[in-house]
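S.K.: Got a structure here, written out as structure tokens. Questions coming.
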Amino acid sequence: MKELIRAYNAKPWSKLEIPTMGKAQRLVLVVYVAAMVALGWYIYLSGPLALHFLYLGLGIPILFLFKSRYLAIAGLLSLEVVMAFMFMGNSTYIISTVMIFAGVIIAFESPVLVYVFLVFWMWFEMSPYSGFVGMKNELLLLATLFMGWLFRYMFSRTTASVKIYFKEKIPVLLLSFWILLGLAVWCIERAPAGIYQVKYFLIGVMFFILTPLIIRDEKTHTTITWAWVFVGILGAITAFIQPGAAENVESQVESFGAASAALGIQHSWSASFLSLSLFITISMFYVVKGVLKKAGIIFSVFFMIVALWIQYSKGVTIGFFIGLSLFWLITGIWHSKHNKGLVFVSRIFLIACTLTLVYIATTQLEFNLGTYNVILTNPSGGSMEVRYLLWSKAYTMIMTEGHAVRGLGAGAFWALAHSYQIDWAHPTIPHARATESMDFAELGINPHNLYVDTILHYGIVGFALLLWLLIGNFMKLRRGMKYFQNPKFRYLCLGIMCALIAFYFSCLFDFGIFFITRVWLFLGFAVATVNIGIHLEGTKTAELIEPTKKTSSNKPTDTGV
Numbered sequence: 232m233k234e235l236i237r238a239y240n241a242k243p244w245s246k247l248e249i250p251t252m253g254k255a256q257r258l259v260l261v262v263y264v265a266a267m268v269a270l271g272w273y274i275y276l277s278g279p280l281a282l283h284f285l286y287l288g289l290g291i292p293i294l295f296l297f298k299s300r301y302l303a304i305a306g307l308l309s310l311e312v313v314m315a316f317m318f319m320g321n322s323t324y325i326i327s328t329v330m331i332f333a334g335v336i337i338a339f340e341s342p343v344l345v346y347v348f349l350v351f352w353m354w355f356e357m358s359p360y361s362g363f364v365g366m367k368n369e370l371l372l373l374a375t376l377f378m379g380w381l382f383r384y385m386f387s388r389t390t391a392s393v394k395i396y397f398k399e400k401i402p403v404l405l406l407s408f409w410i411l412l413g414l415a416v417w418c419i420e421r422a423p424a425g426i427y428q429v430k431y432f433l434i435g436v437m438f439f440i441l442t443p444l445i446i447r448d449e450k451t452h453t454t455i456t457w458a459w460v461f462v463g464i465l466g467a468i469t470a471f472i473q474p475g476a477a478e479n480v481e482s483q484v485e486s487f488g489a490a491s492a493a494l495g496i497q498h499s500w501s502a503s504f505l506s507l508s509l510f511i512t513i514s515m516f517y518v519v520k521g522v523l524k525k526a527g528i529i530f531s532v533f534f535m536i537v538a539l540w541i542q543y544s545k546g547v548t549i550g551f552f553i554g555l556s557l558f559w560l561i562t563g564i565w566h567s568k569h570n571k572g573l574v575f576v577s578r579i580f581l582i583a584c585t586l587t588l589v590y591i592a593t594t595q596l597e598f599n600l601g602t603y604n605v606i607l608t609n610p611s612g613g614s615m616e617v618r619y620l621l622w623s624k625a626y627t628m629i630m631t632e633g634h635a636v637r638g639l640g641a642g643a644f645w646a647l648a649h650s651y652q653i654d655w656a657h658p659t660i661p662h663a664r665a666t667e668s669m670d671f672a673e674l675g676i677n678p679h680n681l682y683v684d685t686i687l688h689y690g691i692v693g694f695a696l697l698l699w700l701l702i703g704n705f706m707k708l709r710r711g712m713k714y715f716q717n718p719k720f721r722y723l724c725l726g727i728m729c730a731l732i733a734f735y736f737s738c739l740f741d742f743g744i745f746f747i748t749r750v751w752l753f754l755g756f757a758v759a760t761v762n763i764g765i766h767l768e769g770t771k772t773a774e775l776i777e778p779t780k781k782t783s784s785n786k787p788t789d790t791g792v
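As numbered in this note's numbering, the sequence shown has no gaps in its residue numbers, which increase by one up to the final residue, 792.
Structure, rendered in structure tokens:
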């Protein structure tokens, strides 16, 4: 019996390679969809639409059994039409249905295209310029990306398994299990607060895991890299049109209402995303060829730095300049033809002189740096007062409620905030006091510290798993920066590493673990960068970057995905 099972498992299961559609097939497909729409209106206007469409919809999935690109797309479009008419009169369902099925079709043809759109959408949806729409459609984008990629994988001819090894997935999966366990067993408020936070955390985790599966070769990686650059330029443009809300909070409250404005004025969100793109753009300066391209990169970097500055996020801006200084010091040593120690010391001295001049200009000459003046003139004032309050309340919760090892479960800060007399008392926002946990979600109340947030909700265990991920990923990027011979991957590893250092610094003053959906996307890009760099350079480099893993397991399996 064991030999029979072994033989059965070893049997090669072939996959059917689906050819592309011709012009005639496309024409027939258009006619077919038009007929489906006409039938939809006929049924809708002549009888009980839901029952008729239900019967029609039950038969359509049979088309998927034929493993044909043409019939698969026809089936998806048919289901889209059916679902749209079934939920006629409810615009939310219609829009969601159209987004999902159209997105699945696009992702089926090109997962990279959906992924590029996702990178751009992340900026648009969380930036103040977007009108404070929050993160409502991230789940839909994740569903379309995953299902489209899955269908494409199922219809490919190659092996039945896609193996991409990266150590970072181990702490992420363990952390996901720990958070779900807490939600099921000891969460203080499972719904709506706990489920809301866990949902967005899991969306980020899926982005993280899917990214290396989609970015499988150098060509795809180049496309995604430039997507990060262009979204940074787009972000800079929108930042000039709608600057950071720290300068005009009151007017935005009047325009959008207190709850919506409090979500949208999180200028740290848009600034942090812009910072990530900035480091990718800086790295590409050392990769592109030609004077005009380099000049374009220089102009874009300068433009994006100015846009970052006017977002008025003090933590993100300081973190960016810390990361930029590190990038500058390392590249100075790489390119130095003289004594490397002397170059390092001289650049440290220049940074120190610059900081001294800024301090003198601000404190002695009273030079106006906008909201940044408070960093040197009154560091404990302004928004820091609110942060001190929130940190102290979080600490009190941890010590009073107990369970520091396991944490209090997702949504605990929202659920307990009103009991601990937390007010949102920012001087430029009308005084607001929440009465229910989800009020705190709308008002933007959170511990404003990623690490405090993690310890409060998921305990020392969750915090240790998070550090395992952050430190392990950082060390791999550092080794890639050190050992890659390809300048593109070498500089990208350096840029990504400095970008993450900048972000981790800003996490001392902002963000919760469920807030950072877009950063999971960036971490997945970091993993893909190292994976592809290893694959291109071969055995020797792989052993240096992944010393505990056999080289053959590091190479991505070419599945055509």
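For every residue, glycine included, the Cβ atom is placed at its ideal position computed from N, Cα and C. Bear in mind the structure is a predicted one, so any value in this text is a computation, not a measurement.
Is the CB of Asn604 under 8 Å away from at least one CB in chain C?
M.R.: Absence of chain C from the displayed structure is noted, only one protein chain being present.
S.K.: At what residues does the alpha helix (DSSP H) containing Arg721 begin and finish?
M.R.: Pro718 to Ser737
S.K.: Helix, strand or coil for Asp670? Go by DSSP, reduced to three states.
M.R.: helix
S.K.: Helix, strand or coil for Cys418 per DSSP?
M.R.: coil
S.K.: Under a three-way DSSP split, which group does Tyr177 fall into?
M.R.: The structure shown does not extend to residue 177, since the chain is modelled only from 232 to 792, so the question has no answer here.
S.K.: Please go through the same chain and pick out, in chain order, the residues whose beta-carbon is closer than 6 Å to the beta-carbon of Gly499, but skip the five residues on each side of it.
M.R.: Per the sequence shown, the amino acid found at residue 499 is Ser instead of Gly. If we look at Ser499 and ignore the five residues flanking it on each side, its Cβ neighbours are Ser544, Val547 and Asp741.
S.K.: Lys398 to Leu270, Cα distance in whole Å?
M.R.: 52 Å
S.K.: Quick check on this structure: which residue in Trp417, Thr760, Gly743 and Gly693 has the alpha carbon closest to the alpha carbon of Phe705?
M.R.: Thr760
S.K.: So, at 8 Å on beta carbons, what are the nonlocal neighbours of Pro402 in its own chain, with the 5 sequence-adjacent residues on each side left out?
M.R.: Leu696, Leu697, Trp699, Leu700 and Gly703
S.K.: Roughly how many angstroms separate the alpha carbons of Leu507 and Thr442, rounded to a whole number?
M.R.: 16 Å
S.K.: For a quick check, are the C-beta atoms of Val264 and Leu307 less than 8 Å apart?
M.R.: no
S.K.: Check this for me: beta carbons of Met515 and Val460, under 8 Å apart or not?
M.R.: yes
S.K.: What first and last residue would you give for the alpha helix (DSSP H) that runs through Val519?
M.R.: Looking at the DSSP string, Val519 is not in any alpha helix (DSSP H), and its letter there is neither H nor E.
S.K.: Short check: CB of Ala643 to CB of Leu687, under 8 Å?
M.R.: Less than 8 Å divides the Cβ of Ala643 from the Cβ of Leu687.
S.K.: Following the continuous alpha helix (DSSP H) through Arg709, name the residue where it begins and the one where it ends.
M.R.: Leu681 to Tyr714
S.K.: Using DSSP with H/G/I as helix, E/B as strand and the rest coil, what is Val750?
M.R.: helix
S.K.: If Gly755 and Tyr689 are in contact, beta carbons under 8 Å, what's the gap, nearest whole angstrom?
M.R.: The pair is not a contact, with the Cβ atoms about 21 Å apart (cut-off 8 Å).
S.K.: Please indicate yes or no: does the CB of Ile763 lie closer than 7 Å to some heavy atom of the ligand ATP?
M.R.: Absence of the ligand ATP is noted for the structure shown, with no ligands found whatsoever.
S.K.: Grab me the residues of Leu539's own chain with a C-beta within less than 7 Å of its C-beta, minus the 5 sequence neighbours each way, in chain order.
M.R.: Answer for Leu539: Ala502, Leu505, Ser506, Leu509, Thr548 and Phe551, listed in chain order.
S.K.: Would a C-beta distance cut-off of 8 Å place Pro718 and Tyr517 closer than the cut-off?
M.R.: yes
S.K.: In whole angstroms, what is the alpha-carbon distance linking Leu177 and Met353?
M.R.: Summary: the structure shown does not reach residue 177, with the chain confined to residues 232 through 792, and so no result is reported for it.
S.K.: Classify Tyr590: buried if its beta carbon has 16 or more other beta carbons within 10 angstroms, exposed otherwise.
M.R.: exposed
S.K.: Do the region 616-629 and the region 555-575 touch if we need at least three Cβ pairs shorter than 8 Å?
M.R.: Too few Cβ pairs lie closer than 8 Å, so no.
S.K.: How is the alpha helix (DSSP H) around Asn604 delimited, first residue to last?
M.R.: Asn604 to Thr608
S.K.: Between His634, Ser668, Gly554 and Gly633, which has its C-alpha nearest Leu647's C-alpha?
M.R.: Ser668
S.K.: Looking only at C-alpha atoms, which of Leu465, Leu349 and Leu523 sits nearest to Ile445?
M.R.: Leu349
S.K.: Considering only residues of the same chain and omitting the five flanking positions on each side of Trp417, which have a CB-CB separation below 6 Å?
M.R.: Gly640
S.K.: Can the beta-carbon of Gly554 be found closer than 8 Å to that of Ile732?
M.R.: yes
S.K.: I think Ala427 touches Thr748, with their Cβ atoms under 8 Å apart; what is that distance to the nearest whole Å?
M.R.: The sequence given here places Tyr at residue 427; Ala does not occur at that position. Actually they do not touch by this definition, with Cβ atoms about 13 Å apart.
S.K.: In three-state DSSP terms, what is Gly638?
M.R.: DSSP places Gly638 in coil when its eight states are reduced to three.
S.K.: The alpha helix (DSSP H) spanning Pro423 covers which residue range?
M.R.: Segment: none, Pro423 is in no alpha helix (DSSP H) and carries neither H nor E.
S.K.: Just reading off the alpha helix (DSSP H) that Ile446 is part of, what are its end residues?
M.R.: For Ile446, there is no enclosing alpha helix (DSSP H), since its DSSP letter is neither H nor E.
S.K.: Out of Ile455, Ile763 and Ala773, state which residue places its alpha-carbon closest to the alpha-carbon of Pro342.
M.R.: Ile455
S.K.: Below 8 Å on the Cβ atoms is my guess for Phe736 versus Cys724; work out the distance and round it to an integer in Å.
M.R.: Contact flag wrong, Cβ pair sits at about 19 Å.
S.K.: Which residue comes first and which comes last in the alpha helix (DSSP H) that contains Leu600?
M.R.: First-last for Leu600: undefined, no H or E at that position.
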